[in-house]
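A.B. asks: Residue numbers (the working numbering), protein chains in the order written: chain A, 10 to 469; chain B, -7 to 265.
For each residue, glycine too, the CB sits at the ideal point set by N, CA and C.
Predicted model only: the values in this text are computed from it and were never measured.
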């Protein structure tokens, strides 16, 4: 409650600060704005920043540390007999106090001392909020008055405001980068726990995947073997089939759209193709499982082939269809970026349209097309839903596209679905797989970026 | 644009005083071009003589590039562009039914304003045209064509040791000479040049101008230029275009010393343009 009030007050103060700064700057030169170093609005922002930022920083700091501070104060006030014990006991005590303070009843009768401590916690907490409100307002008003006092025709308000804006931009990009690093690190640490149980070599090169850990020593059929090769092979197979569908179709539709289609047709075709990209992968999954897989099996059956009802082929084809707009849209962009002067040069030598496209346009666009295909591959490798629904969970080590296979992503999804204990190798193996997957897609993306940078022709 | 009214005497003197008779290579009769509803050319009549350089001059937007692009039907690649009238090459209508634009462009080559080498090696840039037209049947023949073309374009000595390097790595002037060599390699009869020196520095320009003068022996050349000294230096005939009309066409010397139309006079003396 107090925090909301504080935020509203801060918002008001910054608005007031902006107006004050502006009008004072104008007044300081008697309305002759050209005599100011910065335009009046920068003076306004300058005062507004001084009013808002310090209080907000305090607010953020308080939000991060308040709970811990108050708890330390409460714990310090408890008798020694309660606070003694190891870290786990103290953690339990904290949880008790917090539960009582938030009105959650625990099963056992609480110690009166702990009840008192919980009450103290609530009191301190409320006190803290009120003091935050008061201190925050004081700081905001103080900042506002300070900045207002500094307004002067020579004040370099623009430079200061812009520097602050720069810092804000840096902080935002840092948040994105740190999040990525955090995700990678958490993946890495969990994977380390897995590799402490399972030998990494066995994981990377073993050919048998059966992530069932025995609950009891004499349990049957739960050997727990973590050879991930069948998963990698399955991923590779499905990705290969998907690319075999997506690359030719996507590339050729891109060529048609950028070179042959009339502008009118193009304005229709491109959005329609991009609708494909907007279909949720689950829907592709339906299509794969309910339409494509039976179709493939029937066709295979009529040819006398033994096709599994969950075949890699069906999943791969549907995944390929999903990726078509990805390939075609990116390729279309790079083909359009090939300058008209190159085409003119080729036509001027008596080349036909198809010769020009084959011999000049495509080679010139090749780096971009390669990059598009690489991005599409990493998209295919990371795709989960279609495979889960259409290709099944059987970890076969096979190169036959008519068999059921499974992929890395599907296994990760299955391993982590439902109630799982997070200390068994079965669950942890998901992190091992995730790490491998991450490494592969990261490498692909980096290679794609390098290819583009290295071979990009500079047309100006 | 700073235009000097005085044409240097040396530039005029470097041209042969009087050439022998020259046959007519291309003919334009009442050529009209429309971009959609807008008319860009209003009935052009022009004769282009064999083995001579014809310069097309005139202010921006006067239609000289449009006319040039009609001569080898490059306008076909532009949407809603319509050409009326007759353009003939050796007496044959180039817009006629039995002429294929693709084959026509092999006979009437083109060099563009900005050097546009393909992102291939120097060798492959030259070999591109001969390959698509099946001119060379085996490797030695192709090597021969590449070498002759580069020599004619005056580029051979500069690039003979790096034929496998990309053509885009050459300097601007070298790139333009590469493009000229590329055009020569398909042995065209006419070469159209659309402001070939406007993106080049003065030294590279001088190179290209010398080259144009030499090429005249074997080819008919039509050049669009904004630079009037250049027109005076390289051409024997000059046509002045203005607002979609061809105002005046005569011997270059005549146009620059004794223009009949006052618009021509105004343009070459720098009063507008």
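Starting from residue 171 of chain B, follow its DSSP beta bridges and name the residues at the other end.
C.D. replies: DSSP output for residue 171 of chain B lists no bridge partner at all.
A.B. asks: Give every residue of the same chain whose Cβ lies closer than 7 Å to the Cβ of residue 255 of chain B, excluding the five residues on either side of it in the sequence, and list them in chain order.
C.D. replies: Same-chain partners within the cutoff: 234 and 239.
A.B. asks: Within a Cβ cutoff of 7 Å, which residues of the same chain sit near residue 470 of chain A, ignoring the five residues on either side of it in sequence?
C.D. replies: Chain A is shown only over 10 to 469; residue 470 of chain A falls outside these bounds and no answer can be derived.
A.B. asks: Taking only beta-carbon positions, decide if residue 460 of chain A is within less than 7 Å of chain B.
C.D. replies: Closer than 7 Å: no.
A.B. asks: In three-state terms, what does DSSP make of residue 25 of chain B?
C.D. replies: Residue 25 of chain B: strand per DSSP, three-state reduction.
A.B. asks: What number of angstroms, rounded off, separates the C-alpha of residue 136 of chain A from the C-alpha of residue 79 of chain A?
C.D. replies: Roughly 10 Å separates the two Cα atoms.
A.B. asks: Look up residue -5 of chain B in the DSSP assignment and say whether it is helix, strand or coil.
C.D. replies: Residue placement at residue -5 of chain B is poorly supported in this model, since its pLDDT is 39, which falls under 50; the coordinates still yield a value, given next. Coil, per DSSP.
A.B. asks: Give the DSSP bridge partners of residue 158 of chain B, in chain order.
C.D. replies: Its beta-bridge partners are B:113.
A.B. asks: If we define contact as Cβ-Cβ less than 7 Å, is residue 270 of chain A a contact residue for chain B?
C.D. replies: Answer no: the Cβ-Cβ gap between residue 270 of chain A and chain B never drops below 7 Å.
A.B. asks: Write down every uninterrupted run of the beta strand (DSSP E) in the region 208 to 236 of chain B whose length is 3 residues or greater and which is fully enclosed by it, in chain order.
C.D. replies: Entirely contained in the region 208 to 236 of chain B, the beta strand (DSSP E) runs reaching 3 residues are, in chain order, 212 to 216 and 229 to 234.
A.B. asks: For residue 283 of chain A, decide whether its Cβ has a neighbour in chain B, counting only Cβ atoms nearer than 7 Å.
C.D. replies: It does not; no Cβ of chain B falls within 7 Å.
A.B. asks: Which residue comes first and which comes last in the alpha helix (DSSP H) that contains residue 146 of chain A?
C.D. replies: Run containing residue 146 of chain A: 121 to 159, per the alpha helix (DSSP H) assignment.
A.B. asks: Where does residue 317 of chain A land, buried or exposed, given buried means 16+ other C-beta within 10 angstroms?
C.D. replies: Classification of residue 317 of chain A: buried, given that the 10 Å Cβ count is 16 or more.
A.B. asks: If we require 4 or more residues per run, which alpha helix (DSSP H) segments fall completely within the region 159 to 217 of chain A?
C.D. replies: DSSP runs (the alpha helix (DSSP H)) wholly in the region 159 to 217 of chain A: 166 to 206 and 209 to 214.
A.B. asks: Give the secondary structure of residue 183 of chain B by DSSP, where H, G and I count as helix, E and B as strand, and everything else as coil.
C.D. replies: Strand at residue 183 of chain B.
A.B. asks: With a CB to CB cut of under 8 Å and the five nearest residues on each side skipped, what residues in its chain are close to residue 444 of chain A?
C.D. replies: Within the same chain, residue 444 of chain A has close Cβ partners 196, 197 and 200.
A.B. asks: Does the beta carbon of residue 361 of chain A sit closer than 7 Å to a beta carbon anywhere in chain B?
C.D. replies: Chain B, which has a Cβ nearer than 7 Å to the Cβ of residue 361 of chain A, makes this yes.
A.B. asks: Specify the secondary structure class of residue 6 of chain B as computed by DSSP and reduced to three states.
C.D. replies: Per-residue confidence for residue 6 of chain B stands at a pLDDT of 38, beneath the threshold of 50, marking its modelled position as unreliable; no derived number is given.
A.B. asks: In whole angstroms, what separates the C-alpha of residue 163 of chain A from that of residue 31 of chain A?
C.D. replies: Spanning the two alpha carbons is a distance of roughly 14 Å.
A.B. asks: When DSSP builds the beta bridges, which residues end up paired with residue 47 of chain B?
C.D. replies: In DSSP, residue 47 of chain B forms a bridge with B:215 and B:230.
A.B. asks: Inspect the CB distances between the region 371 to 386 of chain A and the region 277 to 286 of chain A and report whether three or more fall short of 8 Å.
C.D. replies: Because the criterion of three Cβ pairs below 8 Å is not met, the region 371 to 386 of chain A and the region 277 to 286 of chain A do not touch.
A.B. asks: Count the CB pairs spanning the region 410 to 428 of chain A and the region 238 to 251 of chain A that are closer than 8 Å, and state whether there are at least three.
C.D. replies: Yes, they touch.
A.B. asks: What would DSSP say about residue 241 of chain B, mapped onto helix, strand or coil?
C.D. replies: Residue state, collapsed to three classes: strand.
A.B. asks: Measuring straight from C-alpha to C-alpha, what distance separates residue 144 of chain A and residue 68 of chain A?
C.D. replies: Distance between the alpha carbons of residue 144 of chain A and residue 68 of chain A is about 10 Å.
A.B. asks: I need the DSSP call for residue 32 of chain B, collapsed to helix, strand or coil.
C.D. replies: Residue 32 of chain B falls in the strand class under three-state DSSP.
A.B. asks: Whose C-beta lies closer than 8 Å to the C-beta of residue 42 of chain B among residues of the same chain, with five residues either side of it excluded?
C.D. replies: The residues are 14, 15, 16, 17 and 212.
A.B. asks: Using a Cβ-Cβ cutoff of less than 7 Å, which residues in the same chain neighbour residue 232 of chain B once the five nearest sequence positions on both sides are dropped?
C.D. replies: Hits under 7 Å: 49, 50, 239, 240, 247, 256 and 259.
A.B. asks: Count the other CB atoms, across all protein chains shown, that sit within 10 Å of the CB of residue 121 of chain B; report buried if there are 16 or more and exposed otherwise.
C.D. replies: Buried, because 16 or more other Cβ atoms sit within 10 Å of the Cβ of residue 121 of chain B.
A.B. asks: For the alpha helix (DSSP H) that contains residue 252 of chain A, what are its first and last residues?
C.D. replies: Per DSSP, residue 252 of chain A belongs to the alpha helix (DSSP H) from 238 to 264.
A.B. asks: Do residue 103 of chain B and residue 54 of chain B have their CB atoms nearer than 7 Å?
C.D. replies: Their beta carbons are not under 7 Å apart, which means residue 103 of chain B does not touch residue 54 of chain B by this criterion.
A.B. asks: Does chain A have any CB closer than 7 Å to the CB of residue 90 of chain B?
C.D. replies: Residue 90 of chain B does not count as touching chain A.
A.B. asks: Say whether chain A places a C-beta atom closer than 7 Å to the C-beta of residue 266 of chain B.
C.D. replies: Limits of chain B in this structure are -7 at one end and 265 at the other, which puts residue 266 of chain B out of reach.
A.B. asks: Report the neighbours of residue 340 of chain A on chain B: residues whose CB is nearer than 8 Å to its CB, in chain order.
C.D. replies: None at all; the shortest Cβ gap to chain B is about 17 Å.
A.B. asks: Taking the DSSP output, what are the residues bridged to residue 76 of chain B?
C.D. replies: Its beta-bridge partners are B:24.
A.B. asks: Rounded to the nearest angstrom, what separates residue 65 of chain B and residue 112 of chain B at their Cα positions?
C.D. replies: Each residue's Cα considered, the two are about 26 Å apart.
A.B. asks: If you count every other CB in all the chains shown that lies within 10 Å of the CB of residue 189 of chain B, and 16 or more means buried, which is it?
C.D. replies: By the neighbour-count rule (16 or more Cβ atoms within 10 Å), residue 189 of chain B is buried.
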